[in-house]
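Student: Starting off with a structure, shown below.
There are 2 protein chains.
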Amino acid sequence: MTRSQKQIPLHLNISEQIQQRIISGYYLPGTKLPSERKLIEEWKVSRITIRRAIANLVQQGLVTTHQGKGAFVTEKHKVAYTLSSPLTFLQNDLANKGIGLSLQNITFELVTATAELQKILQLPSNNPTAYLQKKLLLTDNVPGGVDITYILPEIGQKLATELKQNMTFPVLERNNWKIERVAAIIECTNANLELSEYLDVSLGHPLLVYRHTAYTTHNHPLVHGETISRGDRFCYSVEQFS
Amino acid sequence: MTRSQKQIPLHLNISEQIQQRIISGYYLPGTKLPSERKLIEEWKVSRITIRRAIANLVQQGLVTTHQGKGAFVTEKHKVAYTLSSPLTFLQNDLANKGIGLSLQNITFELVTATAELQKILQLPSNNPTAYLQKKLLLTDNVPGGVDITYILPEIGQKLATELKQNMTFPVLERNNWKIERVAAIIECTNANLELSEYLDVSLGHPLLVYRHTAYTTHNHPLVHGETISRGDRFCYSVEQFS
Numbered sequence: 001m002t003r004s005q006k007q008i009p010l011h012l013n014i015s016e017q018i019q020q021r022i023i024s025g026y027y028l029p030g031t032k033l034p035s036e037r038k039l040i041e042e043w044k045v046s047r048i049t050i051r052r053a054i055a056n057l058v059q060q061g062l063v064t065t066h067q068g069k070g071a072f073v074t075e076k077h078k079v080a081y082t083l084s085s086p087l088t089f090l091q092n093d094l095a096n097k098g099i100g101l102s103l104q105n106i107t108f109e110l111v112t113a114t115a116e117l118q119k120i121l122q123l124p125s126n127n128p129t130a131y132l133q134k135k136l137l138l139t140d141n142v143p144g145g146v147d148i149t150y151i152l153p154e155i156g157q158k159l160a161t162e163l164k165q166n167m168t169f170p171v172l173e174r175n176n177w178k179i180e181r182v183a184a185i186i187e188c189t190n191a192n193l194e195l196s197e198y199l200d201v202s203l204g205h206p207l208l209v210y211r212h213t214a215y216t217t218h219n220h221p222l223v224h225g226e227t228i229s230r231g232d233r234f235c236y237s238v239e240q241f242s
Numbered sequence: 001m002t003r004s005q006k007q008i009p010l011h012l013n014i015s016e017q018i019q020q021r022i023i024s025g026y027y028l029p030g031t032k033l034p035s036e037r038k039l040i041e042e043w044k045v046s047r048i049t050i051r052r053a054i055a056n057l058v059q060q061g062l063v064t065t066h067q068g069k070g071a072f073v074t075e076k077h078k079v080a081y082t083l084s085s086p087l088t089f090l091q092n093d094l095a096n097k098g099i100g101l102s103l104q105n106i107t108f109e110l111v112t113a114t115a116e117l118q119k120i121l122q123l124p125s126n127n128p129t130a131y132l133q134k135k136l137l138l139t140d141n142v143p144g145g146v147d148i149t150y151i152l153p154e155i156g157q158k159l160a161t162e163l164k165q166n167m168t169f170p171v172l173e174r175n176n177w178k179i180e181r182v183a184a185i186i187e188c189t190n191a192n193l194e195l196s197e198y199l200d201v202s203l204g205h206p207l208l209v210y211r212h213t214a215y216t217t218h219n220h221p222l223v224h225g226e227t228i229s230r231g232d233r234f235c236y237s238v239e240q241f242s
């Protein structure tokens, strides 16, 4: 709030001005920023100051560096999942937009449920278990998200083969488990080590989380999980009516 | 994917194990982590390794450091805005949850519209203008978000005094501009310098963005803007039905 009264470090001043050029379209998405040498000449500052300015832009997701190739203005094409009622499954919604969704199974195993999961999935209180499935989601063959889902044990056991090769909701519906309602929270988080490796991002990279529980008839929960996607590649769209 | 085959740096190994303790509830939200000295003793590593491990946890948002007081497990209480139809305005939705929403006007000025904004707000193509309002949003008196809204010039001029003191949608409805539809995109981004100062977070901190356009009758746009909130304090909830 007292910004104008404070001394702003030189590298921040420069990164803010470069940011303005990106926002105004002077530097276009996908194009290479001028070389370090040219930026040093333009701003008449040290190499270390320019490097810090670029690092600020990388940290803000505005610029991506490719080893040995320089710094590029981040491309803005994000895949949007439309949160609509009636519910359209992710794969169908993306197909309608011309985007292919595929998956790679990472884990599929029976685990002991935590107290929280036991409550959410209404599992028996003595020895509650659920199948834990982790899968990598690819949009047009590029890793964009990781899905971590807990499935009722009787469903996971019966449909294991299908679930390892397909998205969860279509498999459930094909097997007469109608999805009547999905309750979800959308939040953001930072990549931990495991997610940073699957999604090819640095530790701490901003990620969108769609944490959801799917219910069949009579409010009977079937699955609970999180779809965690790269914030630079994915978003959600929603319409509200009065 | 080849994680098990790779050599993981010691500080990452330690931060992952501390993360497990946080997730399992062994270290509870809001409590202080053991001191650097105790962690060094436990893991039998150097001070620099422990500091890097803690820095990893800070970067993931799992731990918050307070100068001179040590490192604390981040508290998890997030404010959720329910994206429902019929539309409930943010202030009313939070009031229903016992959370007070207030605002501080930062900027209110007539600006020249970009080509994109001109299209979104259906402004005249010769000399398109709009009022730009920036305001700080506080939940229970704590800064949680910044709202950046572009308002039709005729509305901004007429309702300037009210808009500087109140949330946009209720002011519009009180003045007979009924909000019929809000179309929104939810995405995440990183804090730039300006946002990091308003929201008291570090540069690059993950932020949720609710980018929206509000329409009155006959699909006539009234305002377009972004509500940018701290990812560690805010989330969106949504229900989808078959």
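Protein chains in written order, with full-length UniProt numbering: chain A, 1 to 242; chain B, 1 to 242.
Note that CB positions come from ideal geometry on N, CA and C, so glycine has one too.
As the structure is a computational prediction, the values presented were derived from the model and not from experiment.
1) Return helix, strand or coil for B:Q67, following the three-state DSSP convention.
2) Distance cutoff 8 Å, beta carbons only. Does A:G30 sit that close to anything in chain B?
3) Between which two residues does the beta strand (DSSP E) carrying A:H11 extend?
4) Using a Cβ-Cβ cutoff of 8 Å, what residues of the stretch 111–124 of chain A are near chain B? List them in chain order.
5) Between the C-alpha atoms of B:H11 and A:L136, what's the straight-line distance to the nearest angstrom?
6) Write down every uninterrupted run of the alpha helix (DSSP H) in the stretch 102–147 of chain A whose length is 4 residues or greater and which is fully enclosed by it, in chain order.
7) Grouping DSSP H, G and I as helix and E and B as strand, with all else coil, what is B:M1?
8) If contact is defined by three or more beta carbon pairs under 8 Å, each pair taking one atom from either stretch, is the stretch 19–34 of chain B in contact with the stretch 70–78 of chain B?
9) Whose CA, out of A:L207, A:E109 and A:Q104, lies closest to the CA of A:A160?
10) In the structure shown, what three-state DSSP assignment does A:Y27 receive?
11) Can you give me the C-alpha to C-alpha distance between B:V171 and A:I99, rounded to a whole angstrom?
12) Please classify A:Q5 as buried or exposed, where buried requires at least 16 neighbouring CB atoms within 10 angstroms.
13) What would DSSP say about A:G225, mapped onto helix, strand or coil?
14) For a quick check, are the C-beta atoms of residue 245 of chain A and A:A115 less than 8 Å apart?
15) Should B:A214 go down as buried or exposed, given a rule of 16 or more other Cβ atoms within 10 Å for buried?
16) Going by C-alpha to C-alpha distance, which of B:Q17, B:V58, B:L90 and B:Y27 sits closest to B:T227?
17) Which residues in the same chain as B:I120 place their Cβ atom closer than 7 Å to its Cβ, once the five residues preceding and following it in sequence are excluded?
18) Quick one, which residues of the stretch 186–199 of chain A are near chain B if we go by CB-CB under 9 Å, in chain order?
19) List, in chain order, every chain B residue whose beta-carbon is nearer than 9 Å to that of A:V241.
20) Quick one, which residues of the stretch 213–228 of chain A are near chain B if we go by CB-CB under 9 Å, in chain order?
21) Roughly how many angstroms separate the alpha carbons of A:Y81 and B:G145, rounded to a whole number?
22) Report the rounded CA-to-CA distance for B:K178 versus A:Q133, giving the unit in angstroms.
23) Residues bridged to A:M215 by DSSP?
24) So which residues on chain A does B:N56 lean against when the C-beta distance must stay under 7 Å?
25) Label A:Q17 either buried or exposed according to how many other C-beta atoms from any shown protein chain fall within 10 Å of its C-beta, with 16 as the threshold for buried.
26) Is B:E130 near B:L152, with beta carbons less than 8 Å apart?
27) For A:D93, which residues in the same chain have their Cβ closer than 7 Å to its Cβ, ignoring the five residues on either side in sequence?
28) Could you confirm whether any beta carbon from chain B is found closer than 8 Å to the beta carbon of A:E16?
29) What does A:T82 pair with, by DSSP beta-bridge criteria?
30) What would DSSP say about B:H158, mapped onto helix, strand or coil?
31) List the residues of chain B that A:S102 touches, going by C-beta distances under 7 Å, in chain order.
32) Kindly list, in the order they appear in chain B, the residues whose Cβ is closer than 7 Å to that of A:A80.
33) Could you give the residue range of the alpha helix (DSSP H) that holds A:Q60?
34) Mind reading off the beta-carbon distance from B:V201 to B:A191? Whole number of angstroms is fine, and I expect it under 8 Å.
35) Compute the beta-carbon to beta-carbon distance between A:Q60 and B:G204, rounded to the nearest angstrom, for a pair I have assumed lies under 8 Å.
36) What does a CB cutoff of less than 7 Å around B:R47 pick up in its chain, not counting 5 residues either side in sequence?
Tutor: Reading off the structure:
1) Stepping through the second sequence from its first residue, residue 67 of chain B is reached at position 67. B:Q67: coil per DSSP, three-state reduction.
2) On the first sequence, residue 30 of chain A is found 30 positions in, with the first residue counted as 1. False, the Cβ-Cβ gap to chain B never drops below 8 Å.
3) The sequence position of residue 11 of chain A within the first sequence is 11, counting from 1. Run containing A:H11: none in the beta strand (DSSP E); it sits in the alpha helix (DSSP H), L10 to S24.
4) Within the stretch 111–124 of chain A, no residue has a Cβ that lies closer than 8 Å to any Cβ of chain B.
5) The residue given as residue 11 of chain B occupies position 11 in the second sequence. The residue given as residue 136 of chain A occupies position 136 in the first sequence. Taking the straight line from one Cα to the other gives about 26 Å.
6) Runs of the alpha helix (DSSP H) inside the stretch 102–147 of chain A: 115–120.
7) One-based indexing of the second sequence puts residue 1 of chain B at position 1. Legend: pLDDT at B:M1 = 40, less than 50; position of this residue unreliable, no value from coordinates given.
8) yes
9) Translated into positions along the first sequence, residue 160 of chain A becomes position 160. Of the listed residues, the one whose Cα sits closest to A:A160 is A:E109.
10) By one-based count along the first sequence, residue 27 of chain A stands at place 27. In the structure shown, A:Y27 sits in coil (DSSP, three-state: anything other than H, G, I, E or B).
11) What you label residue 171 of chain B is simply residue 171 of the second sequence in a count that begins at 1. What you label residue 99 of chain A is simply residue 99 of the first sequence in a count that begins at 1. Roughly 40 Å separates the two Cα atoms.
12) Numbered from its first residue, the first sequence carries residue 5 of chain A at position 5. Its pLDDT being 48, under 50, A:Q5 is placed unreliably in this model, and the coordinates cannot settle the point.
13) In the first sequence, residue 225 of chain A corresponds to position 225, counting from 1. Correct three-state label for A:G225: strand.
14) Outside the displayed span of chain A (1 to 242) sits residue 245 of chain A, for which this structure offers no information.
15) Taking the second sequence and counting its residues from 1, one reaches residue 214 of chain B at position 214. With a 10 Å radius around the Cβ and a threshold of 16 neighbouring Cβ atoms, B:A214 comes out buried.
16) For this step, residue 227 of chain B is matched to residue 227 along the second sequence. The shortest C-alpha to C-alpha distance from B:T227 to any of B:Q17, B:V58, B:L90 and B:Y27 is the one to B:L90.
17) Translated into positions along the second sequence, residue 120 of chain B becomes position 120. For B:I120, where only same-chain residues beyond five positions count, the Cβ hits under 7 Å are T213, P221 and H224.
18) I186, E187, C188, T189, N190, A191, N192, L193, E194, E197 and Y198
19) As a working note, residue 241 of chain A is residue 241 in the first sequence. In the sequence as presented, Val is not what sits at residue 241 of chain A; that position holds Phe. The contacting residues are S85, P86, L87, E180, R181 and V182.
20) Taking 9 Å as the Cβ-Cβ cut-off, the stretch 213–228 of chain A has no residue approaching chain B.
21) Looking up residue 81 of chain A in the first sequence gives position 81. Looking up residue 145 of chain B in the second sequence gives position 145. One C-alpha to the other measures close to 24 Å.
22) Position 178 of the second sequence, counting from 1, holds the residue named residue 178 of chain B. Position 133 of the first sequence, counting from 1, holds the residue named residue 133 of chain A. Approximately 46 Å between the Cα atoms of the pair.
23) By one-based count along the first sequence, residue 215 of chain A stands at place 215. Checking the sequence, you will find Tyr at residue 215 of chain A rather than Met. Note: A:Y215 sits in a beta bridge opposite A:R181 and A:P221.
24) Indexing the second sequence from 1 puts residue 56 of chain B at position 56. In chain order: L203.
25) In the first sequence, residue 17 of chain A corresponds to position 17, counting from 1. By the neighbour-count rule (16 or more Cβ atoms within 10 Å), A:Q17 is not buried but exposed.
26) For this step, residue 130 of chain B is matched to residue 130 along the second sequence. For this step, residue 152 of chain B is matched to residue 152 along the second sequence. Per the sequence shown, the amino acid found at residue 130 of chain B is Ala instead of Glu. Yes, Cβ-Cβ distance for B:A130 and B:L152 is below 8 Å.
27) Translated into the one-based positions of the first sequence, residue 93 of chain A becomes position 93. Correct list, in chain order: Y81 and T82.
28) Counting from 1 along the first sequence, the entry for residue 16 of chain A is found at position 16. At least one chain B Cβ lies under 8 Å of A:E16.
29) On the first sequence, residue 82 of chain A is found 82 positions in, with the first residue counted as 1. DSSP lists A:S237 as the beta-bridge partner residues of A:T82.
30) Sequence index remark: in the second sequence, residue 158 of chain B carries index 158 (1-based). Contrary to the premise, residue 158 of chain B reads as Lys rather than His in this sequence. Helix at B:K158.
31) For the purposes of this step, residue 102 of chain A is taken as the residue at position 102 of the first sequence. None at all; the shortest Cβ gap to chain B is about 15 Å.
32) In the first sequence, the residue the question calls residue 80 of chain A occupies position 80. Residues of chain B passing the Cβ test: I185.
33) Taking the first sequence and counting its residues from 1, the one referred to as residue 60 of chain A is at position 60. No alpha helix (DSSP H) contains A:Q60, which DSSP labels as neither H nor E.
34) What you label residue 201 of chain B is simply residue 201 of the second sequence in a count that begins at 1. What you label residue 191 of chain B is simply residue 191 of the second sequence in a count that begins at 1. At roughly 5 Å, the Cβ-Cβ gap stays under 8 Å, so B:V201 and B:A191 are in contact.
35) For the purposes of this step, residue 60 of chain A is taken as residue 60 along the first sequence, with counting starting at 1. For the purposes of this step, residue 204 of chain B is taken as residue 204 along the second sequence, with counting starting at 1. Indeed they touch by this definition, with Cβ atoms about 6 Å apart.
36) The count along the second sequence starts at 1 and reaches residue 47 of chain B at position 47. Closer than 7 Å at the Cβ level, and outside the excluded window around B:R47, lie E36 and I40.
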